[in-house]
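Since the structure comes first, as structure tokens, the remarks are kept for the end.
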Amino acid sequence: MEHIEEAGIHSGDSSCTLPPITMSQAQIDRVREATEQIAKGIGVRGLINVQFALAHDVLYVLEANPRASRTVPFVSKALGITLAKAASLVMVGKSIRDLISEGHLPAKDGTHIPASSAISVKEAVLPFKRFATKDGRFVDSLLGPEMRSTGEVMGIDVDFPTAFAKSQAAAGSALPTSGTVFISVADRDKPQLLLPVRRLHQLGYQILATSGTAAILNRHGIDAKTVRKHSEDSSVAEGPTIVEMITAGQVDVVVNTPSGSGLAARKDGYEIRAATTAADKAIFTTIAQLSAAIGSFEAVIAGPFKVKSLQQHAKDRADALA
1 MEHIEEAGIH SGDSSCTLPP ITMSQAQIDR VREATEQIAK GIGVRGLINV QFALAHDVLY
61 VLEANPRASR TVPFVSKALG ITLAKAASLV MVGKSIRDLI SEGHLPAKDG THIPASSAIS
121 VKEAVLPFKR FATKDGRFVD SLLGPEMRST GEVMGIDVDF PTAFAKSQAA AGSALPTSGT
181 VFISVADRDK PQLLLPVRRL HQLGYQILAT SGTAAILNRH GIDAKTVRKH SEDSSVAEGP
241 TIVEMITAGQ VDVVVNTPSG SGLAARKDGY EIRAATTAAD KAIFTTIAQL SAAIGSFEAV
301 IAGPFKVKSL QQHAKDRADA LA
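For the sequence shown, UniProt numbering assigns the number 1 to the initial residue and increments by one for each residue that follows.
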């Protein structure tokens, strides 16, 4: 499984995809070999969960847990294999060869992923609207090292964009086929923002942005209308603040990454995210997540989605492996 968010976001809150969509076969093989070495070194029988980070071609082990994890049901559904049952049988003495002969595991292992294999995307359910602070304010929707999700959903299709779009709809944040996208990101994220926002503009979405972000976008030929932050007066831009616009239903998608440059900036970011939560609109708080979603905006515009049962997906995969 490959996480969409970068390391630093709790694995329980991160979107992820099976099979990986950006890793080369050589990188997948390195992860597999490292996992085998760790499992043999620890002496695990059954399931093991290992989290890796790959940076500058260096593979790091973040953690290794000799136990089942919350991703086991997702992987089981994605592959059509009862992993928990297979692992339990291994723990009581069965061999992998036994499990293959008894039909619990496929004859070919995880290194053999058919080119036609469906893509499965796991998305966390983050019910920020249900939780509030003591003074009645919404909990901030920023993701970080502390897990906040209360559940998970999955989307499956023949390609990643459609599978990701399905996962967003299942999590209650369906992507709109048209409308207005508001963008306000930290300075560190602005260079990576240009390509995905340019594509959104080409797809017909109207772009709103705070003054700093709008200046960068307009400078690169992306038409973006400036709107003022919650703390800014009308000298920055005429009309309502972005928080007022979100509350009034005039914004369909919000892209906001946190800025550490002062109390006012952090408060503005919180007000934007809280208003988005209250309005039940889709929000992206990392550029990695936005970039992954661009193809999904194209998919929802092309729609409608096709639906296939888990059983049929499992059969198709088994036929491809045969």
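The beta-carbon is built from N, C-alpha and C at its ideal position, and this holds for glycine as well.
For L47 and I100, I'd like the C-alpha separation in whole angstroms.
Roughly 17 Å separates the two Cα atoms.
Any heavy atom of the ligand ATP closer than 7 Å to the Cβ of L79?
This structure simply doesn't include the ligand ATP, nor any ligand for that matter.
Tell me whether the segment 157-169 and the segment 180-192 touch, counting them as touching only if at least three CB pairs, one residue from each stretch, are closer than 8 Å.
no
So, are the CB atoms of I28 and C16 less than 8 Å apart?
no
Anyone know if the C-beta pair for G165 and V255 falls short of 8 Å?
According to the sequence displayed, residue 165 carries Ala and not Gly. No, Cβ-Cβ distance for A165 and V255 is not below 8 Å.
State the beta-bridge partners of K122 as determined by DSSP.
In the DSSP output, where bridge partners are listed per residue, K122 has C16 and M154.
Would you check if the distance between the CB atom of V243 and the CB atom of I207 is smaller than 8 Å?
no
Please state whether DSSP places T82 in a helix, a strand or coil.
coil
Just verifying my parser: in three-state terms, what is the DSSP assignment at Q250?
coil
Between which residues of its own chain and D223 is the CB-CB distance below 7 Å, once the five residues before and five after are set aside?
H201 and I207
So, at 7 Å on beta carbons, what are the nonlocal neighbours of K229 in its own chain, with the 5 sequence-adjacent residues on each side left out?
T210, T241, I242 and D268
Is the segment 304-317 in contact with the segment 276-284, if contact means three or more CB pairs nearer than 8 Å?
no
Cβ neighbours of H220 in the same chain (closer than 7 Å, five flanking residues each side left out)
L194
A34 and L18 - do their beta-carbons sit closer together than 8 Å?
Their beta carbons are not under 8 Å apart, which means L18 does not touch A34 by this criterion.
Considering only the beta carbon of each residue, do V50 and I38 sit closer than 8 Å?
yes
Sorted by chain position, which residues of the same chain lie with C-beta nearer than 6 Å to M1's C-beta, five sequence neighbours on each side aside?
C16 and L18
Residue closest to A78, alpha-carbon to alpha-carbon, out of A118, S259 and R199:
A118
Can you tell me where the alpha helix (DSSP H) with I4 in it begins and where it stops?
Per DSSP, I4 belongs to no alpha helix (DSSP H) and is neither H nor E.
Need the endpoints of the alpha helix (DSSP H) that V58 sits in, please.
Not the alpha helix (DSSP H): V58 falls in the beta strand (DSSP E), residues V58 to N65.
Which whole-angstrom value is the C-beta distance of A318 and G103, which I expect to be below 8 Å?
That pair is no contact at about 11 Å.
Taking a contact to mean a Cβ-Cβ separation below 8 Å, would you say residue 330 touches A264 in this structure?
Any question about residue 330 goes unanswered here, given that the chain covers just 1 to 322.
Just list the residues that DSSP pairs N256 with in beta bridges.
S184
Thinking C-beta only, is D13 closer than 8 Å to L175?
no
Which same chain residues, not among the five before or five after R30, have their C-beta less than 7 Å away from its C-beta?
L59
Out of F52, F297 and A86, which has the shortest C-alpha to C-alpha gap to H10?
F52
Is the Cβ-Cβ distance between V92 and A84 less than 8 Å?
no
From E36 to D98, what distance separates their C-alpha atoms?
Taking the CA atoms as reference points, E36 sits about 20 Å from D98.
For F52, three-class secondary structure by DSSP
strand
Which listed residue (P161, V75, G8 and R45) has its alpha carbon closest to that of P66:
R45
Can you tell which of L290, G295 and V251 has the C-alpha that lies nearest to the C-alpha of A257?
For the sequence presented, residue 257 should be read as Thr rather than Ala. Nearest option by C-alpha distance: L290.
Just how far apart, CA to CA, sit V158 and P20?
13 Å
Less than 8 Å between the CB atoms is what I'm expecting for V185 and T213, so what's the real figure, rounded?
6 Å
The alpha helix (DSSP H) with I216 in it runs from where to where?
S211 to R219
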